[in-house]
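J.: Below are the structure tokens for one structure; questions will follow.
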Amino acid sequence: MTASDEARETALIAAQAAADKLATDVSIVDVSDRLAITDAFVLTSAPNERQVQSIVDGVEERLREHGVKPVRREGVAEGRWVLLDFVDVVVHVQHAEERAYYALERLWKDCPVIPFTDGAVPAAPTPAEEDAAGDEGGRAEDAAGESGR
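Below, the structure is given as structure tokens:
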């Protein structure tokens with residue numbers, strides 16, 4: 054059994070919301086085969102407590118826009134490891150030190166990863182695109198040089 058389509062969509066929305074708030078090491082783990090209580094974990098990190106809270110706020114706001122509210126929040130007061138339970142998806146926002154210490158990816162390494170790519174980060178140009186951009190720039194320089202002669 055794999056995570057439901059709804060859980061996958063919720064996890065991807067949460068992951069993007071976290072990335073938009075500058076979360077680091079964002080990953081999604083499909084734990085549906087191992088746990089009966091949830092389908093996926095979204096794992097994120099932040100360098101300090103203020104950033105942890107910002108990520109938590111961003112995830113909650115974005116999912117609320119999609120009609121999804123957490124049924125439980127834990128760890129908000131401490132700001133070191135906040136757990137947001139959306140039933141099918143559990144979002145873990147951890148201070149970088151807690152992330153390294155508890156290593157949830159290692160604990161759930163036998164579970165499949167749901168691919169996530171930060172949509173806000175532009176994709177690196179392919180070598181062909183770089184060549185095309187270089188050629189256009191060179192032609193523009195040549196034209197400017199010729200008209201100045």
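Residues in the sequence shown are numbered from 54 upward in steps of one, following our numbering. The C-beta atom is built at its ideal place from N, Cα and C for all residues, glycine as well.
Have a look at Val105 and Glu62 and give me their C-alpha separation to the nearest angstrom.
T.: Cα to Cα, Val105 sits roughly 22 Å from Glu62.
J.: Could you pull out every residue in the same chain whose Cβ sits closer than 8 Å to the Cβ of Asn101, ignoring the five residues on either side in sequence?
T.: Hits under 8 Å: His148.
J.: Per DSSP, Ala93 is paired with what?
T.: Paired residues: Asp83 and Val142.
J.: Could you confirm whether any beta carbon from chain D is found closer than 9 Å to the beta carbon of Val82?
T.: Given the protein chain composition of this structure (a single chain), no chain D is represented.
J.: With a Cβ-Cβ cutoff of 9 Å, do Val135 and Thr91 count as a contact?
T.: No. Outside cutoff.
J.: Taking C-beta to C-beta, are Thr97 and Val121 nearer than 9 Å?
T.: Cβ atoms of Thr97 and Val121: not closer than 9 Å.
J.: Starting from Arg125, trace the beta strand (DSSP E) both ways and give me its first and last residue.
T.: Here the beta strand (DSSP E) through Arg125 covers Arg125 to Glu127.
J.: Quick test of your reading: Ile81 and Ile167, contact by CB under 8 Å. State the CB separation rounded to the nearest angstrom.
T.: With a Cβ gap of about 4 Å, Ile81 and Ile167 count as contacting.
J.: Give the secondary structure of Ser107 by DSSP, where H, G and I count as helix, E and B as strand, and everything else as coil.
T.: Ser107: helix per DSSP, three-state reduction.
J.: Tell me the DSSP secondary structure of Leu137 in three-state form.
T.: Leu137: strand per DSSP, three-state reduction.
J.: Straight-line CA distance for Ala156 to Arg103?
T.: Spanning the two alpha carbons is a distance of roughly 21 Å.
J.: Whole-angstrom Cβ separation of Asp83 and Cys164, contact assumed at under 8 Å?
T.: At roughly 6 Å, the Cβ-Cβ gap stays under 8 Å, so Asp83 and Cys164 are in contact.
J.: Helix, strand or coil for Asp163? Go by DSSP, reduced to three states.
T.: Coil at Asp163, not helix or strand.
J.: Express the C-alpha separation of Asp58 and Glu118 in angstroms, rounding to a whole number.
T.: So the two alpha carbons sit approximately 18 Å from each other.
J.: Can you tell me the Cα-Cα spacing of Val142 and Thr77, whole angstroms?
T.: About 19 Å.
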